[in-house]
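Participant:
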Amino acid sequence: MNKTIEQYFAAFNAGDIDGMLACLADDVAHHVNEGQIRLGKEKFADFCAHMERCYKEELTDIVVFEAQDGTRAAAEFIVNGTYLVTDDGLPEANGQTYRLPAGSFFSLRDGKIIRVTTFYNLADWTRQVSA
Numbered sequence: 001m002n003k004t005i006e007q008y009f010a011a012f013n014a015g016d017i018d019g020m021l022a023c024l025a026d027d028v029a030h031h032v033n034e035g036q037i038r039l040g041k042e043k044f045a046d047f048c049a050h051m052e053r054c055y056k057e058e059l060t061d062i063v064v065f066e067a068q069d070g071t072r073a074a075a076e077f078i079v080n081g082t083y084l085v086t087d088d089g090l091p092e093a094n095g096q097t098y099r100l101p102a103g104s105f106f107s108l109r110d111g112k113i114i115r116v117t118t119f120y121n122l123a124d125w126t127r128q129v130s131a
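Per UniProt numbering, the sequence shown starts with residue 1, numbered consecutively.
1. With distances taken from CA atoms, which of 74, 69, 67 and 50 is nearest residue 8?
2. Along the beta strand (DSSP E) that carries residue 28, what are the first and last residues, could you check?
3. Could you tell me how far apart the beta carbons of residue 72 and residue 104 are, in whole angstroms, since I believe they sit closer than 8 Å?
4. From this set, 110, 55 and 59, which residue's C-alpha is nearest residue 90's C-alpha?
5. Go to residue 74, then tell me how far its beta strand (DSSP E) extends in each direction, as first and last residue.
6. Using the Cα positions of residue 99 and residue 62, report the straight-line distance between them to the nearest angstrom.
7. List the residues that DSSP assigns as beta-bridge partners of residue 65.
8. Keeping to the same chain, check which residues put their C-beta closer than 6 Å to that of residue 19; ignore five residues upstream and five downstream.
9. Compare the beta carbon distance of residue 102 and residue 79 with 7 Å and say whether it is the shorter of the two.
10. Bridge partners for residue 39 per DSSP, in chain order?
11. Can you name the residues that DSSP bridges to residue 91?
12. Rounded to whole angstroms, how far is the Cβ of residue 82 from the Cβ of residue 95, which I believe are closer than 8 Å?
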């Protein structure tokens with residue numbers, strides 16, 4: 001597994017936002033599922049703080065695929081989560097748990113992540129937390 005991607009996911013699972021930020025280039029582009037592109041580490045950090053407030057998540061069954069030249073990677077994983085605080089425009093939170101397949105795509109430059117694109121099925125998540 002690519003060392004930067006491995007560190008990124010380890011930091012994610014540890015709830016270590018600073019550790020995630022250390023894996024990113026200053027000009028990172030964060031493409032969020034069903035959302036806008038956020039440019040730069042500061043906006044990425046803001047997003048992580050929001051997510052930490054609303055959700056408790058752990059990624060399992062992580063499989064990483066890497067391009068031979070090391071400039072791109074992809075990961076498939078399961079998001080195991082708890083919905084803690086109601087997020088704007090989404091169903092009301094009351095501690096519901098969910099298990100959701102997801103994936104991320106990465107571009108890398110000089111050992112840093114310059115693009116993160118994450119995909120998951122929002123309808124599936126909504127169904128799980130609304131049940």
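A virtual CB, placed ideally from N, CA and C, is assigned to each residue, including glycine.
Facilitator: Considering the structure as presented:
1. Of all alpha-carbon atoms in 74, 69, 67 and 50, the one lying nearest the alpha-carbon of residue 8 is that of 74.
2. Note, residue 28: beta strand (DSSP E), 24 to 31.
3. Their Cβ separation, rounded to whole angstroms, is 11 Å, which puts residue 72 and residue 104 out of contact at 8 Å.
4. Checking every option, the nearest Cα to that of residue 90 belongs to 55.
5. Residue 74 -> beta strand (DSSP E) spans 72 to 83.
6. If I take the Cα positions, the gap works out to 14 Å.
7. Residue pairing for residue 65: DSSP places it in a beta bridge opposite 74.
8. Apart from sequence neighbours up to five positions away, the residues of its chain that approach residue 19 with a beta-carbon distance below 6 Å are 11, ordered along the chain.
9. Cβ atoms of residue 102 and residue 79: closer than 7 Å.
10. For residue 39, which the question treats as bridged, DSSP gives the partners 29.
11. For residue 91, DSSP assigns no beta-bridge partner whatsoever.
12. With a contact defined as Cβ atoms closer than 8 Å, residue 82 and residue 95 qualify at about 6 Å.
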